[in-house]
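A short worksheet on the structure shown next.
Now the structure itself:
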């Protein structure tokens, strides 16, 4: 079946612009995660959605970052007023449910802020 | 605080040599530990988890609660093992906390 998909695969934006990154999880997966992968920092947790529960936003680095998940499926990560330090690969993952279930990762969106 | 430490950024070995990728964690409860791997130009994927106590592609990892470690081992490295390896921790119903990763390079 189809895996996790993300769009766009690459995004170049000017400093100060807003960007939206999209994630389509595996159908039937109730848990969805966003991570940021940057050189030297490894994988950094951003936000976690589990079913209809309030999302865990504890990893969002600033209030410029937000995410929503509509209808328990597609998720959008929004970064407002982008800064150069936001340049990274943004990864989305989904799992059957939260906790110790295997997470399936998307290919990522490479964001470059110039 | 929850934390995963992978002390080595890069580990270079020759084909056929034993491999040990180190992982130490900090967690107040009973965590679940995982190893994820990312091969060149491929997606990040699960390699193994401690709860399964399985061997995948010849790799094993034992959870040592006393030393709070979950080192990944393989007795004889292969060139196709070259990849980035991430150790990760999950508490009860939480997202994964990843280490910074170790690049394994296996040369002939």
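Chains as they are written, first to last, in this note's numbering: chain A, 11 to 124; chain B, 5 to 112. Glycine residues also receive a C-beta, built at the ideal position from the N, C-alpha and C atoms.
- Residue 58 (chain A) has a beta carbon lying within less than 7 Å of a beta carbon in chain B.
- Counted as a single uninterrupted DSSP element, the stretch harbouring residue 62 (chain A) is not any beta strand (DSSP E), since DSSP gives it neither H nor E.
- Judged by pairs of C-beta atoms under 8 Å, the stretch 52 to 60 of chain B does not touch the stretch 23 to 30 of chain B, as fewer than three such pairs exist.
- Linking residue 26 (chain B) to residue 109 (chain B) through their CA atoms gives a straight-line distance of about 15 Å.
- Linking residue 75 (chain B) to residue 71 (chain A) through their CA atoms gives a straight-line distance of about 30 Å.
- Contact annotation: residue 59 (chain A) and residue 42 (chain A) have beta-carbon atoms nearer than 7 Å.
- It is roughly 18 Å from the alpha-carbon of residue 6 (chain B) to the alpha-carbon of residue 46 (chain A).
- Listed as beta-bridge partners of residue 33 (chain A) by DSSP are A:16 and A:85.
- Between the stretch 14 to 23 of chain B and the stretch 70 to 90 of chain B there are three or more inter-stretch CB-CB distances shorter than 8 Å, so the stretches are counted as touching.
- What residue 55 (chain B) touches in chain A, judged by beta-carbon distance under 8 Å, is 110, going in chain order.
- For residue 24 (chain A), there is no enclosing beta strand (DSSP E), as DSSP marks it with neither H nor E.
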